[in-house]
Structures are given as C-alpha cells and as structure tokens.
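Asks: One structure is given below, represented as structure tokens, and several questions about it will come after.
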Amino acid sequence: ATVMNGLAMRDALHRAYVNARVMSAIPLKGVCDDYNWADAIRELRQGRVVIFSAGTGNPFFTTDSAACLRGIEIEADVVLKATKVDGVFTADPVANPDAELYDKLSYAEVLDKELKVMDLAAFTLARDHKMP
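According to the UniProt record's numbering, the residues represented by the sequence shown are 1 to 132, in order.
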C-alpha cells in the first residue's frame, strides 16, 4: 500500500509541476526506482522531491521505523507522519471522544505516558537523532 500511496503522491506533485521520484525498498521494476541512498541524495540536491515507499524492505520493521531511518539517512530536518487524526491525543480520539489534544510533548513525556504516537523503534530513532 505504501508504494501505491507514494505513486499517488508523486502524481499529485507532478500535477502541481513539482518534480518527484518514488523509491521503493523492494525492487519493482517499471513501477518506481529502487531505493539507493546515493541516488536519493543526488535527487534531493537537484531539487527533486523523493518519496520513500515499501518500508525498509525487511520484516518486523514498521513504516514508522522506515520513515525515521530514511530521514536519518538523508539528514532530513524533520520527519512528518500523516494519520487520520489531527495530532497526538491523551487517548485514541476515534474510540474516546473525550480525548484531549496535546499542544506540545517531549520525547520523555511520550515514553512516560506510553502514547501511541508511533512504534517504539521509530520513536527511539527519532529521539536518539534529535529529529523533531
């Protein structure tokens, strides 16, 4: 599904006249480019948007972990996560309409409160590399 989402995002960017490439951790010849760190850096330096898809290509790693890993690899300023809710809440706002939205959180607060922001491996990567 992440490859399909990446292709849809690329197409939307192309319609807005933004040059974008999709790279996949799993080879999909004729569909998108294989992920290669050096190629991704070259594309970014040329002003192109690079969309990473297919996670890490390894089992047991979530797409959250893949996003943080790729962000670290390319020295991104920030990794953004899009979900079906408007931010981080005290509880799942879909299941609990009384859940409150946090304005600001530290890494320690997320861990202490066991908030389900993203999986622990991804969160630890972001924290250890000081990625907002």
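All residues carry an ideal CB built from backbone N, CA and C; glycine is no exception. Source: prediction; values computed, not measured.
Roughly how many whole angstroms lie between the Cα atoms of GLY30 and MET23?
Replies: 12 Å
Asks: Give me the residue from TYR35, ILE26 and GLU43 with the minimum Cα distance to TYR59.
Replies: Per the sequence shown, the amino acid found at residue 59 is Pro instead of Tyr. Ranking the options by Cα distance to PRO59, first place goes to ILE26.
Asks: LYS116: which of LYS81, ALA66, ALA20 and ASN19 sits nearest, CA to CA?
Replies: When each option's Cα is compared against that of LYS116, the closest is LYS81.
Asks: Specify the secondary structure class of PHE112 as computed by DSSP and reduced to three states.
Replies: Note that residue 112 is Asp in the sequence shown, not Phe. Looking at ASP112 - three-state DSSP - the assignment turns out to be helix.
Asks: What are the start and end residues of each continuous beta strand (DSSP E) run of 3 or more residues lying completely inside the UniProt domain "Aspartate/glutamate/uridylate kinase" (3 to 132), in chain order?
Replies: 20 to 24 and 49 to 53
Asks: From ALA12 to PRO132, what distance separates their C-alpha atoms?
Replies: 26 Å
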